[in-house]
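Engineer: Pasting in a structure now, in structure tokens, and then I'll have a few things to ask.
Numbering (the numbering used here), first residue to last: 157 to 503.
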């Protein structure tokens, strides 16, 4: 049973991107250290797909977030916070029988030794997403449907929904899929194979080289492309090494390196990269510029403490993206660089 369903006519309003996935209330520690030693936490929000929706909306696109939250205060906070970025949240269902998910994490990078994440999302409202509870009219109202492998790990119902959405069929929008392999979320060893099968059904796939190696034992863009021949576009993220875009007809791909970034907090960069890339794709920009916009959106998040921030104004980002290779390679982006009145440093 759910409450608060919006009128069907409202849901059919076309948007640029629809993002489906769970968002949770996130508790960030007041200081570095083990969770057992942290005395206080600050409340914020976290969710790969809602992060993408917020970043796209802040960048001037129309974005819709589709999900389920509990009929509780945390659900209220998520809907209000995500809606404050300009995201359409009218397709979010409220579940009176299941809670909104929450999680706690340490202050350091996910890849760092000693990093801890505690999820309290089992049986959450979002885990009840299924083909029966998420109508297609909610999802096919955009030019792009953005999904993440995280959703597939939440429950069998969520996996069934993902399999349905990643089955090629006439009339579906362009489907973007971020692999987002999180080993701790999968209940058995089948997760990597499930993610590979799901990715094959997408039109555009984002995957980090590190997660491809962890999940599938693959290293290098060519090996990953060989395992994923079906998507029209594959973007392999190499961390500080940049990103490689491989189109189906292109065996070698295009490598674009990122600017140097003075990192404040190493979280949220992958979602921001996807948002910047999708923004440039919606605008019909060439391959190099799509990757550069992804790098700039990631840099905007890396230079603030949280997962979300106001991205650079489009004109500001376009000026940086248009730099020649030498000038681009000399960029150094630090806190505050997104303001148009800020002088961007070079090395």
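Backbone N, C-alpha and C define an ideal beta-carbon position, used for all residues, glycine too.
#1: How big is the Cα-Cα spacing for residue 390 and residue 360?
#2: Near residue 164, what residues of its chain come up, given a Cβ to Cβ distance below 6 Å and the 5 sequence neighbours on each side ignored?
#3: With distances taken Cα to Cα, identify the nearest neighbour of residue 252 among 303, 436, 489, 282.
#4: What would DSSP say about residue 271, mapped onto helix, strand or coil?
#5: Just reading off the beta strand (DSSP E) that residue 334 is part of, what are its end residues?
#6: Please classify residue 209: is it buried, with 16 or more other beta-carbons within 10 angstroms of its beta-carbon, or exposed?
#7: Do you know offhand how far residue 186's Cα is from residue 197's?
#8: Pop quiz: residue 225 and residue 231 are said to be a contact at Cβ under 8 Å. What is the actual Cβ separation, rounded to whole angstroms?
#9: Helix, strand or coil: how does DSSP classify residue 190 here?
#10: Terminal residues of the continuous alpha helix (DSSP H) containing residue 435?
#11: Please give the ranges of any alpha helix (DSSP H) in the region 306 to 372, keeping only runs that are unbroken, at least 4 residues long and fully inside the region.
#12: Rank 272, 201, 471 by C-alpha distance to the C-alpha of residue 238 and give the top, closest one.
#13: Look at the alpha carbon of residue 324 and the alpha carbon of residue 313, and state the distance between them as a whole number of angstroms.
#14: For residue 453, name the three-state secondary structure that DSSP assigns.
#15: Is residue 303 near residue 322, with beta carbons less than 9 Å apart?
#16: Tell me the start and end of each unbroken alpha helix (DSSP H) in the region 209 to 242 that is at least 4 residues and wholly inside, in chain order.
#17: CA-CA distance, residue 426 and residue 248?
#18: Thinking C-beta only, is residue 334 closer than 9 Å to residue 305?
Structural biologist: Short version:
#1: 6 Å
#2: Annotation note: pLDDT 37 at residue 164 (below 50); position unreliable, coordinate value reported separately. Around residue 164: no qualifying Cβ.
#3: 282
#4: coil
#5: 330 to 334
#6: buried
#7: 5 Å
#8: 3 Å
#9: coil
#10: 425 to 438
#11: 312 to 321, 347 to 356, 365 to 372
#12: 201
#13: 19 Å
#14: helix
#15: yes
#16: 229 to 239
#17: 24 Å
#18: yes
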